[in-house]
Structure formats: structure tokens, C-alpha cells
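*Asks:*
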Amino acid sequence: MARPFNFSAGPAVLPDEVLALAASEMLDWHGSGMSVMEMSHRGREFQSIYQHAEADLRQLLAVPPEFRILFMQGGGLAENAIVPMNLSRGGVADYVVTGSWSQKSQKEAQRYCLARTIASNAATHHTSMPDPKSWKLSSDAAYVHVCSNETIHGIEFQTLPDLAHLGSKAPLVIDFSSHVLSRATDWSRVGLAYGGAQKNIGPAGVTLVIVREDLLGHALPTCPSAFDYRVVADNESMFNTPPTYAIYIAGLVFQWIKGQTEGSATGVAALEARNIAKSSMLYDYIDGSGFYVNKVDKACRSRMNIPFFLNDESLNDAFLTEARAKGLLQLKGHKSVGGMRASLYNAMPIAGVEALVSHMREFATRHG
Ligand SMILES: *Cc1c(COP(=O)(O)O)cnc(C)c1O
14 MARPFNFSAG
24 PAVLPDEVLA
34 LAASEMLDWH
44 GSGMSVMEMS
54 HRGREFQSIY
64 QHAEADLRQL
74 LAVPPEFRIL
84 FMQGGGLAEN
94 AIVPMNLSRG
104 GVADYVVTGS
114 WSQKSQKEAQ
124 RYCLARTIAS
134 NAATHHTSMP
144 DPKSWKLSSD
154 AAYVHVCSNE
164 TIHGIEFQTL
174 PDLAHLGSKA
184 PLVIDFSSHV
194 LSRATDWSRV
204 GLAYGGAQKN
214 IGPAGVTLVI
224 VREDLLGHAL
234 PTCPSAFDYR
244 VVADNESMFN
254 TPPTYAIYIA
264 GLVFQWIKGQ
274 TEGSATGVAA
284 LEARNIAKSS
294 MLYDYIDGSG
304 FYVNKVDKAC
314 RSRMNIPFFL
324 NDESLNDAFL
334 TEARAKGLLQ
344 LKGHKSVGGM
354 RASLYNAMPI
364 AGVEALVSHM
374 REFATRHG
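Per our numbering, residue 14 is the first one in the sequence shown, and the count goes up by one each step.
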């Protein structure tokens with residue numbers, strides 16, 4: 014039976030095929046007589062799950078050999094502290110504040126270093142992207158941090174800034190929690206990328222860190238060993254017990270992505286094409302509706318998270334109740350922004366967006 018369409022911002026929809034496969038392997042993984050949850054993380058079965066997951070991810074995201082892939086814990090929010098503990102050396106770090114998530118990152122980093130806000134879009138209520146040419150880059154920054162997709166405000170970098178071109182030698186750190194694997198990542202511009210898994214990768218509990226080798230080994234003496242990138246890398250993410258089941262599901266999602274095709278494109282390129290089609294369908298409808306509005310500058314609208322408002326906000330509850338009745342779940346906007354938000358992650362099929370637009374059109378006709 015078809016499930017409802019789930020537009021949650023996270024934890025979010027996973028592919029049906031992945032959940033069904035995990036269910037079929039729940040009691041006995043590949044004849045081992047064990048559930049993945051019951052295996053030693055050092056045993057041969059889990060080691061093979063881990064190695065396949067890492068290799069698939071490296072291939073899907075075209076991660077160059079000089080980058081290490083770490084599976085950590087603590088989520089995006091823990092990384093807000095773990096990044097400055099590992100990279101800042103107690104000095105200066107530059108933060109570009111474009112919405113709630115990067116604001117949180119900057120605030121947390123202040124506890125470990127001099128975290129400067131070098132650009133902000135607060136004046137436009139986080140609906141625009143500050144032009145990198147206007148960023149007040151510090152000459153001595155240990156790194157420059159951006160949130161490459163702001164999940165709450167629905168703004169996304171369409172291309173990552175080229176710091177070298179802007180005259181900075183600092184590595185770029187990106188929080189790509191909510192759009193990882195929805196598009197290619199330009200590693201030539203990145204020193205470190207991190208993200209919680211629960212938007213586009215798998216269950217909550219595993220945090221992905223992809224870090225250039227030369228950035229390892231500079232942690233502050235007070236940094237917990239379990240959060241020292243050098244220690245985590247040297248131990249293949251097994252310094253302590255990793256979130257084994259979450260890594261297993263992430264591995265199944267990577268396999269699912271490898272099997273996706275769209276025209277002649279496969280893998281992440283196929284998903285990117287589909288994500289462009291899905292988000293354009295919704296934005297085009299909203300912009301032409303005269304009933305709904307999205308306030309984000311067109312140049313930086315997110316393909317993943319689309320906040321929108323009804324012109325008549327007194328209809329919000331009716332809109333959500335009727336949506337739920339039609340099998341369209343979790344469309345309520347974040348409390349700090351209000352209105353609605355549709356998250357169109359990789360696992361959301363085009364049919365889900367068509368069903369949403371059809372509901373919006375029908376609702377607008379009735380109430381317009
Ligand atoms: C969801 C999210 C986070 C928070 O992740 P946690 O796993 O809750 O710590 C951080 N950054 C971004 C961009 C997010 O979307």
C-alpha cells in the first residue's frame with residue numbers, strides 16, 4: 014500500500030525500498046543469524062557494511078583521496094563546537110550568517126575562538142545571499158564557515174564561494190546537513206563538510222564529516238578524544254562504538270542512490286536533475302498562484318526546503334488539516350518563520366510534489 018507523502022524537514026522521508034529491505038533483514042542479516050543492531054562493530058559482518066557504505070559515499074560524492082570520511086555522533090549542533098575545537102587553534106574564524114543554522118554555528122564557536130560574523134543577510138530577514146565579494150574576510154582566519162543550505166529559511170548556495178579567488182587562504186567549512194547528496198559538492202572549494210544524517214542520508218544519530226587530511230591534528234588540548242578528527246580518522250570512526258544501525262541504513266540509502274537514473278544521468282546527478290524538476294514545479298506554481306507566496310530571492314532559493322505562506326493566514330489550519338486528509342504530512346512551517354514549509358529531499362518522489370501542487374491549486378480555487 015502506498016504511504017502518505019511526508020514533507021518533514023527532518024528527521025525526514027526515507028525511500029520505501031530502503032525501509033522494506035531493512036525490515037526483511039531485521040532478524041537475520043545475510044545469513045549471519047544476527048540483526049545489524051546485535052553485531053560487534055569490530056566483527057567481519059559490520060566491517061563489511063561499514064566499508065561498503067564509505068566506499069559508496071566516496072564514489073557518489075566524488076570525494077578526492079586527500080579527504081577522510083568520518084562517521085561521528087552529536088549531529089550538526091555538536092559539530093558547531095567540534096569544528097572550532099579542531100580547526101580554530103583558539104584564534105580567529107569567519108562566519109557567514111544567512112539564517113538560523115549559521116547563526117547557531119557562529120554563537121557556539123564563540124566559546125572556543127574569536128568567531129567573527131563577516132557577512133549577514135539579517136537585514137532581508139534571511140531571504141537573500143550576501144555577495145561573497147562583500148564579505149569582510151579576516152586575513153588571519155583559521156577557516157570560513159557557511160551553511161550551504163539553510164533548512165529553516167530555505168536559502169541555498171547555488172555555487173560555493175571560491176575563497177582563494179577572494180584572496181583568502183582559509184579553508185571553507187560547510188554545514189551541508191540538509192542538502193548533502195542532493196547535488197554535487199565542489200571539493201576544490203571545500204576544506205571540511207559536515208552534516209547530520211536525518212535529512213538526506215538516513216536515521217538521526219550518525220553525523221557525516223568529510224575533512225581534508227591536512228586539517229587533522231590541530232585540535233585544542235581540551236577537545237574530547239572522541240571528537241578529535243585525527244583520533245576518529247586514525248581509528249576508522251571506531252575510536253568508540255559508532256552508531257552501527259544508522260550507518261547500515263545510510264549504506265542502504267547510498268546503494269539506493271547509486272541505482273537512481275534520470276535520462277542518461279545516474280546517482281547524485283540523477284537526483285540533482287530530479288530535485289531541480291521537483292523544486293521548479295513547486296516554485297513556479299507558488300509564484301503564479303496569487304494565493305501563496307515564497308519571499309526568498311530567486312537566485313538563492315533552496316531546492317530542498319521551500320517555505321511558503323498563504324496570503325490569508327487565517328486559512329493556515331484548514332490548509333494543513335485538508336492536506337493531512339489527502340496524505341500530505343508535516344507541512345507546517347518552522348515556528349520561527351511561520352506559514353508552511355515543504356521539504357523535498359531526495360526520497361520525495363515527483364508524484365509527491367504533484368500531489369502537493371494539486372492540493373494547493375484545489376484549495377486556492379475553493380478559497381480564492
Ligand atoms: C537539522 C540541521 C542541523 C541540526 O542537526 P542536529 O542533528 O539536530 O544537531 C544543523 N544544521 C542544519 C543546516 C540542519 O538542517
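Ideal Cβ positions, reconstructed from N, Cα and C, are used throughout, including at glycine.
Within 10 angstroms of its Cβ, does residue 40 collect 16 or more other Cβ (buried), or is it exposed?
*Replies:* Translated into the one-based positions of the sequence shown, residue 40 becomes position 27. By the neighbour-count rule (16 or more Cβ atoms within 10 Å), residue 40 is not buried but exposed.
*Asks:* If we ignore side chains and look at the alpha-carbon of each, how far apart do residue 177 and residue 312 end up?
*Replies:* Translated into the one-based positions of the sequence shown, residue 177 becomes position 164. Translated into the one-based positions of the sequence shown, residue 312 becomes position 299. Approximately 23 Å, taken between the alpha carbons.
*Asks:* Would you list the residues sitting across from residue 164 in a DSSP beta bridge?
*Replies:* By 1-based counting over the sequence shown, the position of residue 164 is 151. According to DSSP, residue 164 bridges with nothing at all.
*Asks:* Report buried or exposed for residue 72, applying the criterion of at least 16 other Cβ atoms within 10 angstroms of its Cβ.
*Replies:* Mapped onto the sequence shown, residue 72 falls at position 59. Result: exposed.
*Asks:* Here's the rule I'm using: 16 or more other beta-carbon atoms within 10 Å means buried, otherwise exposed. How should residue 380 be labelled?
*Replies:* Here residue 380 is taken as the residue at index 367 of the sequence shown, counted from 1. Exposed, by the Cβ-count rule.
*Asks:* Could I get the ranges of all uninterrupted beta strand (DSSP E) runs contained in the region 283-341, with 3 residues as the minimum, in chain order?
*Replies:* Here the runs fully enclosed are 318-323.
*Asks:* Under 8 Å, do residue 59 and residue 250 count as touching if we go by C-beta distance?
*Replies:* Your numbering for residue 59 matches position 46 in the sequence shown. Your numbering for residue 250 matches position 237 in the sequence shown. Contact: no.
*Asks:* Rounded to whole angstroms, how far is the Cβ of residue 108 from the Cβ of residue 115, which I believe are closer than 8 Å?
*Replies:* In the sequence shown, the residue the question calls residue 108 occupies position 95. In the sequence shown, the residue the question calls residue 115 occupies position 102. Confirmed, about 7 Å.
*Asks:* With H, G and I counted as helix, E and B as strand and the rest as coil, what does DSSP make of residue 144?
*Replies:* Mapped onto the sequence shown, residue 144 falls at position 131. Coil.
*Asks:* Residue 122 lies in the alpha helix (DSSP H); which residues open and close that run?
*Replies:* One-based indexing of the sequence shown puts residue 122 at position 109. That run of the alpha helix (DSSP H) goes 113-122.
*Asks:* Would the region 182-200 and the region 154-166 be scored as touching if the rule is three or more Cβ pairs under 8 Å?
*Replies:* Enough Cβ pairs lie closer than 8 Å, so yes.
*Asks:* Does the contact criterion of 3 or more C-beta pairs under 8 Å hold for the region 129-147 versus the region 274-288?
*Replies:* With a cut-off of 8 Å, the region 274-288 and the region 129-147 do not count as touching, because too few Cβ pairs lie within range.
*Asks:* Does residue 179 pass the burial test, meaning 16 or more other C-beta atoms within 10 Å, or should it be called exposed?
*Replies:* The residue you call residue 179 lines up with position 166 of the sequence shown. So residue 179 ends up on the exposed side.
*Asks:* Measuring from the CB of residue 114, is there a heavy atom of ligand 1 at a distance below 7 Å?
*Replies:* Counted from its first residue, the sequence shown places residue 114 at position 101. Residue 114: yes, Cβ under 7 Å from ligand 1.
*Asks:* By the three-class DSSP mapping on this structure, what secondary structure does residue 258 have?
*Replies:* Start at 1 with the first residue of the sequence shown, and residue 258 comes out as number 245. Three-state DSSP puts residue 258 in a helix.
*Asks:* Using C-beta distances below 7 Å, list every residue in its chain close to residue 145, excluding the 5 sequence neighbours before and after it, in chain order.
*Replies:* If you number the sequence shown from 1, residue 145 lands on position 132. Same-chain partners within the cutoff: 174, 179.
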